[in-house]
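Asker:
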Amino acid sequence: TWTTESFIEESIREIRSQVGEKRVLLALSGGVDSSTLAFLLHRAIGDRLTCMFIDQGFMRKGEPERLVKLFKEQFHIPVEYINASDRFLNLMEGIIEPERKRKLIGYEFIKVFEEESRRLGPFDYLAQGTLYPDVIESADTNIDPATGKRIAVKIKSHHNVGGLPPDLRFVLVEPLRKLFKDEVRKVGTVLGLPAEIVKRQPFPGPGLAIRIIGEITPERLEMLRDADLILRQEINRSGMYNELWQAFAVLLPTVRSVGVMGDARTYAHPVVLRFVTSEDGMTADWAKVPYELIGTIANRIVNEVPGINRVVMDVTSKPPGTIEWE
Ligand code: XMP
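What follows is the structure in structure tokens.
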């Protein structure tokens, strides 16, 4: 009979026999799939695993630091932290169109991944958090005709763009390929991953970049980060975190409105709150969170985040809206 424990034991045996004495590269995102994968591989092959975490500069406040600290200090799994935020920010100068934003970020991610894997390598294998639904989607692709093995032609970042050059087409190690998401969570839990990772709400690959509508500037990033942090603090405090598929904030382009603060008139920016419930992200309802909670978040944001003087709420379901704004 299949148990999580037997799956883990069996996987560790398989990984060891596949990899032998060779080196494996893993692109860590901080999500449940790549984190579970890292735990499993580290159990199996120890320091022949290299985890690489690329910070594109669009993560939430404190998140990269938190992730690296968790892995290094608590899990004792070394992580190569790559701070690429400057190059991504430069790249975003003047970019407004959502698809262009996503593409540029996706391609730059691949470029950084290539450079860094050359610098840290050579590696023989690439570990990927391919799940059963992904295997079905890409059943006949990615097979090396010479060896018959599944190779990485693309890297499964959450960007879905960008092919790898022929010399970086590592052989894939995909121990999660027979699992569904809920099974990955169980495996992660048994391996010792904390709830903050196992139960983390989805977060898009391009990160806050697609929650800043219009141009991304350091100032606007800072504003959204601060608003988002307050939102997350209050959602956590309310105990509603796990009931929501996602809860986040969105910054609008160049909209300003008049307000009053003390004796002075303000002319500043609004921020949008977005709370949704969903089973799989394909459809979603806007979540009817308590008024008190919305009020607390709105009050704190307006009082604590310079540049924001108004808070509005997105009450659109999917369809016809999407969850993200870009
Ligand atoms: P939409 O906005 O299409 O989002 O309703 C559905 C779900 O997908 C997430 N999302 C992404 N996840 N890379 C990801 O890994 C992306 O580029 C991306 N875009 C959207 C979104 O947060 C929601 O959970």
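Basically the numbering used here = 1-based index in the sequence shown + 1. Even for Gly, the Cβ is constructed at its ideal location relative to N, Cα and C.
Report all residues from its chain with a CB closer than 8 Å to the CB of Ser118; omit the five preceding and five following residues, and keep chain order.
Answerer: Closer than 8 Å at Cβ, skipping near neighbours: Leu26, Met53, Phe124 and Leu169.
Asker: Cβ-heavy atom distance between Gly130 and the ligand XMP below 7 Å?
Answerer: Not so, every heavy atom of the ligand XMP lies at least 7 Å from the Cβ.
Asker: Since I believe Glu325 is in contact with Arg212 (beta carbons under 8 Å), could you give me their beta-carbon distance rounded to a whole number of angstroms?
Answerer: Right, their Cβ atoms sit about 7 Å apart.
Asker: Assign Gly1 to one of two classes, buried (16 or more other C-beta atoms within 10 Å of its C-beta) or exposed (fewer than that).
Answerer: There is simply no residue 1 to check, as the chain begins at 2 and stops at 327 in what is shown.
Asker: I'd like to confirm the pairing. Which residues does DSSP put opposite Lys319 in its beta bridges?
Answerer: For Lys319, which the question treats as bridged, DSSP gives the partners Ala285.
Asker: Work out the CA separation of Pro176 and Phe89 for me, nearest whole Å.
Answerer: Going by the C-alpha atoms only, they are around 31 Å apart.
Asker: Just to confirm, are Leu192 and Tyr133 a CB contact at a threshold of 8 Å?
Answerer: Result no, Cβ atoms of Leu192 and Tyr133 do not sit closer than 8 Å.
Asker: Helix, strand or coil for Arg275 per DSSP?
Answerer: Three-state DSSP puts Arg275 in a strand.
Asker: Can you tell me whether DSSP reads Arg88 as helix, strand or coil?
Answerer: Reduced to three states, the DSSP call for Arg88 is helix.
Asker: Tell me whether Arg103 counts as near the ligand XMP, meaning its Cβ is closer than 7 Å to at least one heavy atom of that ligand.
Answerer: Answer for Arg103: yes, Cβ within range of the ligand XMP.
Asker: Could you check which residue in Leu127, Met283, Tyr242 and Asp229 has the C-alpha nearest to that of Glu305?
Answerer: Ranking the options by Cα distance to Glu305, first place goes to Asp229.
Asker: For Ser18 and Gln129, I'd like the C-alpha separation in whole angstroms.
Answerer: For Ser18 and Gln129, the distance between alpha carbons rounds to 17 Å.
Asker: Can you tell me which residues form a DSSP beta bridge with Gln247?
Answerer: Beta-bridge pairing links Gln247 to Val277.
Asker: Does the beta carbon of Pro207 fall short of 7 Å from some heavy atom of the ligand XMP?
Answerer: True, at least one ligand heavy atom lies under 7 Å from that Cβ.
Asker: 8 Å is my cut-off, CB to CB: does Asp229 come that close to chain C?
Answerer: Absent from the structure: chain C. Only one protein chain is present.
Asker: Does DSSP put Glu216 in a helix, in a strand, or in coil?
Answerer: Reduced to three states, the DSSP call for Glu216 is coil.
Asker: Measuring only from the beta carbon, is Gln247 closer than 7 Å to any heavy atom that is part of the ligand XMP?
Answerer: Result yes, Cβ under 7 Å from the ligand XMP.
Asker: Looking only at C-alpha atoms, which of Gly282, Asn310, Phe276 and Ile302 sits nearest to Val316?
Answerer: Out of Gly282, Asn310, Phe276 and Ile302, Phe276 has the C-alpha closest to the C-alpha of Val316.
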